[in-house]
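Going down the list, the sequences are from chains A and B. Be aware that the first sequence starts at 1, since it is given in my numbering, and climbs by one per residue. Be aware that the second sequence starts at 136, since it is given in my numbering, and climbs by one per residue. C-beta atoms are modelled at their ideal positions from N, C-alpha and C, and glycine is treated no differently. The structure appears below as structure tokens.
There are 2 protein chains.
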Amino acid sequence: MPAYRKGANAERELIKILWNNGFATLRAAGSGVTPLPSPDLVALSAKKKLGFECKAWNSSYLNLSIEQFLTTKQWCSIAGADFFVAWKIPNKGWLFIKPENFSRRDKSFTISLKKAHAVSVPLTVILGKQAVIEK
Amino acid sequence: MPAYRKGANAERELIKILWNNGFATLRAAGSGVTPLPSPDLVALSAKKKLGFECKAWNSSYLNLSIEQFLTTKQWCSIAGADFFVAWKIPNKGWLFIKPENFSRRDKSFTISLKKAHAVSVPLTVILGKQAVIEK
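Printed below as a string of structure tokens:
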């Protein structure tokens, strides 16, 4: 399956999960529409604002372009939304990674799969359905 | 200019206004992507969640399909967002109308231009930059 199809399917899956947990979801139109690029996906409830950049990638590293990463982070900051990179590992499941867990390299922000597993935030915590456990 | 172009231009204009007032803006991707249709446009700040259905229409009445109206209203209710129908009167300006000001007819929710002028909420109020004046 081409990468963009995998990405679209993963996004639909995440939309469904969020919707079933009582969030109104919004997928962003193509780029160039707003002054600052928004996340791929925004989920809102009475109490929460969440922004997700979705990636479906079967690899030991995940890289995001510096510009995309920084502008999306800034968008979420203006919106008052929590920003997560949602990494779908095909046939395995989702990892939800806060931006501060990425390392800046020459041309990208990057995180290893190993680190992503270690720092991934449980969806129940993101959705406000479970208290945060300090590690 | 065809109606869909006028609509797209109006939407871009509103995005710019919201952006210049410190809101992060998000245009929804085409329909069928989320379980419940979202508004055309969502604007978020630290304190506010706003949903806009945008119409650019030079007429003495504005009609919205019953399904579109009700599902968008429900979406905003789940999101905890204030919902406004943003009616751009070409070459004149914007009216921002709360859903409760529309009347249900056989096939649509409708409002007259006259009533829309009377009930339109000032943008400064919507954006939280001015206290509401009780009429």
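At a Cβ threshold of 9 Å, is residue 69(A) touching chain B?
-> Counted from its first residue, the first sequence places residue 69(A) at position 69. Not closer than 9 Å to any Cβ of chain B, the Cβ of residue 69(A) fails to qualify, so no.
If I'm right that residue 116(A) touches residue 64(A) with Cβ under 8 Å, what's the distance once you round it to whole angstroms?
-> Locating residue 116(A) in the first sequence gives position 116, where the first residue counts as 1. Locating residue 64(A) in the first sequence gives position 64, where the first residue counts as 1. About 12 Å; that fails the 8 Å criterion.
Three-state secondary structure (DSSP) at residue 184(B)?
-> Residue mapping note: residue 184(B) aligns to position 49 of the second sequence, counting from 1. Note: residue 184(B) maps to strand in three-state DSSP.
Among the residues of its own chain, which have a CB less than 6 Å from the CB of residue 121(A), if the five just before and after it don't count?
-> Residue numbering aside, residue 121(A) sits at position 121 when the first sequence is read from its first letter. Answer for residue 121(A): 96, listed in chain order.
For residue 189(B), which residues does DSSP report across the bridge?
-> The residue given as residue 189(B) occupies position 54 in the second sequence. Looking at the DSSP assignment, residue 189(B) forms a beta bridge with 221(B).
Burial state of residue 171(B), where buried means 16 or more other Cβ atoms lie within 10 Å | Here residue 171(B) refers to the residue found at position 36 of the second sequence. Exposed: under 16 other Cβ atoms inside 10 Å.
Per DSSP, what kind of secondary structure is residue 43(A) in: helix, strand or coil?
-> To locate residue 43(A), count along the first sequence from 1; it is residue 43. Residue 43(A) falls in the strand class under three-state DSSP.
So which of 233(B), 193(B), 223(B), 225(B) has the shortest CA-CA distance to residue 212(B)?
-> Within the second sequence, the letter at position 77 stands for residue 212(B). Of the listed residues, the one whose Cα sits closest to residue 212(B) is 233(B).
Please work out which residues of its chain come closer than 8 Å, Cβ to Cβ, to residue 72(A), disregarding the five sequence neighbours upstream and downstream, and give them in chain order.
-> Translated into positions along the first sequence, residue 72(A) becomes position 72. So the qualifying residues of the chain are 37, 38, 39, 51, 53, 83.
Under a three-way DSSP split, which group does residue 25(A) fall into?
-> One-based indexing of the first sequence puts residue 25(A) at position 25. If DSSP states are grouped into helix, strand and coil, residue 25(A) belongs with the strands.
Taking the CB atoms as reference points, tell me whether residue 162(B) and residue 25(A) lie closer together than 9 Å.
-> As a first step, residue 162(B) must be located in the second sequence, where it is residue number 27. As a first step, residue 25(A) must be located in the first sequence, where it is residue number 25. Not closer than 9 Å, so no.
Could you work out which residues of chain B lie near residue 85(A), taking near to mean beta carbons separated by less than 7 Å?
-> Locating residue 85(A) in the first sequence gives position 85, counting from the first residue. Simply none; closest approach about 18 Å.
Contacts of residue 245(B) in chain A (Cβ-Cβ under 7 Å) = On the second sequence, position 110 is the one that residue 245(B) refers to. Correct list: empty, because the minimum Cβ distance to chain A is about 25 Å.
Nearest neighbour of residue 228(B), chosen from 165(B), 240(B), 258(B) [CA to CA] | Residue mapping note: residue 228(B) aligns to position 93 of the second sequence, counting from 1. Comparing Cα-Cα distances from residue 228(B) to each of 165(B), 240(B), 258(B), the minimum goes to 258(B).
How is the alpha helix (DSSP H) around residue 127(A) delimited, first residue to last?
-> Working through the first sequence from its first residue, we reach residue 127(A) at position 127. Run containing residue 127(A): none; DSSP gives neither H nor E here.
Within this structure, are the beta carbons of residue 44(A) and residue 164(B) separated by less than 9 Å?
-> Counted from its first residue, the first sequence places residue 44(A) at position 44. Counted from its first residue, the second sequence places residue 164(B) at position 29. No. Outside cutoff.
On a CA-only basis, which of 22(A), 16(A), 59(A), 66(A) is nearest residue 47(A)? Give me that one, please.
-> Stepping through the first sequence from its first residue, residue 47(A) is reached at position 47. That would be 22(A), whose Cα lies nearest to the Cα of residue 47(A).
Identity of the residue in 236(B), 224(B), 205(B), 155(B) nearest residue 144(B) by Cα | Locating residue 144(B) in the second sequence gives position 9, where the first residue counts as 1. Selected option, being the one with the closest Cα: 224(B).
Identify whether residue 72(A) lies in helix, strand or coil by the three-state DSSP scheme.
-> Along the first sequence, read from residue 1 onward, the residue named residue 72(A) stands at position 72. Helix, per DSSP.
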